[in-house]
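In what follows, a single structure is set out as structure tokens and then discussed.
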Amino acid sequence: MSAPTQSSAGNNSGSFEQWRPLLAAAVKEVFSMMVGAEINVPEDVDPPVVTEVTGMVGLAGELCGVFSVRCSKICGSKIASKMLGVPATEAASHISDAIGEICNMAAGNFKAKIDGLQDKCMLSVPTVITGGDYQLYSLAVGDRIELPFLFEGEPVWVGLEVRS
Amino acid sequence: MAIRALIVDDSSVMRKIVERCLRQAGMDLGQVLEASNGAEALALVNENTFDLILSDINMPVMDGLEFVRHLKELENAKNVPIVMITTEGGEKSVLEALSLGAKGYIRKPFTPDQVKEHVIPVLGGKS
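Residue numbers (my numbering), protein chains in the order written: chain A, 1003 to 1166; chain B, 12 to 138.
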């Protein structure tokens, strides 16, 4: 699959909003290729934000910030189930691993779509938080994209925060 | 002859996906062992014989590049073809992996066809 468009990594503030479709394409490709199922952007109302499972990958270098994927445990179980090819009940113990890897691949795939960024931005290994009663503080406070998706009817929120 | 493979990735989900892709690619897989980092992989290499190694790059404890570096120093394993599977698909990390002796690389996300396309050629007719 190919990216719809590409933007330069330079001048974050100017290109930031142009990254929204690239981010959506990166996430859709990961689900299509690695989960074996489609994830869709909701057509009308944004779904609720559910933060029972949060995957995070740090970005360092020319683009500095945090890439995140948030969903419910039920949704995480469905995703892990599809990735492993086992029933959702058997996949429950793999939710964190699956969401961490989805986050990692989506961040890497997004990075690959930005001209000139591939070798100038490194990804951390993923971190996964389970449970929703937390506040995340990032030094990379600046521009922020939040994109809602629906996976088998369950909300998935993908975020990108970058230091301005 | 069935291929003996070692899959190295810190994600257990990813290790299962890689194995499934190899089977979907029509490969005759025999023993498939898994390691979650380069250090674990080296321990398995010392005790087993493999025809193929697929390794992530970005891993804790020992990353994939360091693993390849050590692997190429082992007399019993230095000729085992290794293919890197990574989200870090930048030219720099890919070139470093290839210069260390990796036979190829696959960038995540990938399809079974892409795995087949990159793995079959390095097996030298063993698949």
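Note that CB positions come from ideal geometry on N, CA and C, so glycine has one too. Since the model is a prediction, treat every value here as computed from it, not as a measurement.
Next item on the list: List the residues of chain A whose Cβ lies closer than 8 Å to the Cβ of B:V24, in chain order.
Entry: Within chain A, the residues placing a beta-carbon under 8 Å from that of B:V24 are A1082, M1085, L1086, H1096, D1099, A1100, E1103, ordered along the chain.
Margin query: DSSP three-state label for A:W1031, please.
Written below: A small correction: the amino acid at residue 1031 of chain A is Glu; Trp does not occupy that position in the sequence shown. DSSP places A:E1031 in helix when its eight states are reduced to three.
Check: In terms of residue numbering, what span does the beta strand (DSSP E) encompassing B:S66 cover?
Finding: That run of the beta strand (DSSP E) goes 63-66.
Check: Once you ignore the five residues that flank A:M1124 on each side, which residues in its own chain have a CB closer than 8 Å to its CB?
Finding: L1061, A1062, G1063, listed in sequence order.
Check: Any residues in the stretch 1105-1125 of chain A with a beta carbon nearer than 9 Å to a beta carbon of chain B? Which ones, in chain order?
Finding: Residues of the stretch 1105-1125 of chain A with a Cβ closer than 9 Å to any Cβ of chain B, in chain order: N1106, M1107, A1108, A1109, G1110, N1111, K1113, A1114, L1119, Q1120, D1121, K1122, C1123, M1124, L1125.
Notebook entry, point to check: Relative to the C-alpha of B:D21, which residue among B:L106, B:T98, B:E58, B:G41 is closest?
Noted result: Minimum Cα-Cα distance from B:D21 among the listed residues B:L106, B:T98, B:E58, B:G41 corresponds to B:T98.
Checklist line | Chain-ordered residues of the stretch 1031-1058 of chain A with a beta carbon less than 7 Å from chain B | finding: Residues of the stretch 1031-1058 of chain A with a Cβ closer than 7 Å to any Cβ of chain B, in chain order: E1031, V1032, M1035, M1036.
Item checked: Three-state secondary structure (DSSP) of A:T1129 -> When DSSP states are grouped into helix, strand and coil, A:T1129 belongs to the strand group.
Next item on the list: Confirm, please, whether the CB-CB distance from B:I64 to B:V91 is below 8 Å.
Entry: Cβ atoms of B:V91 and B:I64: closer than 8 Å.
Next item on the list: Please go through the same chain and pick out, in chain order, the residues whose beta-carbon is closer than 6 Å to the beta-carbon of A:A1109, but skip the five residues on each side of it.
Entry: If the five residues before and after A:A1109 are omitted, its C-beta is found closer than 6 Å to the C-beta atoms of V1059, F1069, L1125, all from its own chain and listed in chain order.
Next item on the list: Tell me, please, which residues DSSP counts as bridged to A:G1060.
Entry: Assignment of beta-bridge partners to A:G1060 by DSSP yields A:V1068.
Checklist line | Pick from A:G1118, A:K1084, A:I1147 that is closest to A:V1164, judged by C-alpha positions | finding: Closest by alpha carbon: A:I1147.
Check: Where are the beta strand (DSSP E) runs, 3 residues long or more, that stay fully inside the stretch 89-135 of chain B, in chain order?
Finding: The stretch 89-135 of chain B is shown to contain whole beta strand (DSSP E) runs of 3 or more residues at 93-97, 115-118, in chain order.
Checklist line | Near-chain A residues of the stretch 58-89 of chain B (beta-carbon distance less than 8 Å), N- to C-terminal order | finding: Of all residues in the stretch 58-89 of chain B, N69, M70, P71 have a Cβ within less than 8 Å of some Cβ in chain A.
Margin query: How far does the beta strand (DSSP E) with A:F1018 in it extend, from its first residue to its last?
Written below: Per DSSP, A:F1018 belongs to no beta strand (DSSP E) and is neither H nor E.
Next item on the list: Identify whether B:S48 lies in helix, strand or coil by the three-state DSSP scheme.
Entry: Here the sequence assigns Asn to residue 48 of chain B, which means Ser is not the residue at that position. If DSSP states are grouped into helix, strand and coil, B:N48 belongs with coil.
Next item on the list: State the DSSP-derived secondary structure class of A:G1110, mapped to helix, strand or coil.
Entry: Of the three classes helix, strand and coil, the one that applies to A:G1110 here is helix, per DSSP.
Next item on the list: List the residues of chain B whose Cβ lies closer than 8 Å to the Cβ of A:V1029, in chain order.
Entry: Within 8 Å Cβ-Cβ: nothing; A:V1029 doesn't reach chain B, min ~10 Å.
Check: Based on Cα-Cα distance, which residue from A:K1075, A:D1121, A:Q1020 lies nearest to A:T1053?
Finding: Checked all of A:K1075, A:D1121, A:Q1020; the closest Cα to A:T1053 is A:K1075.
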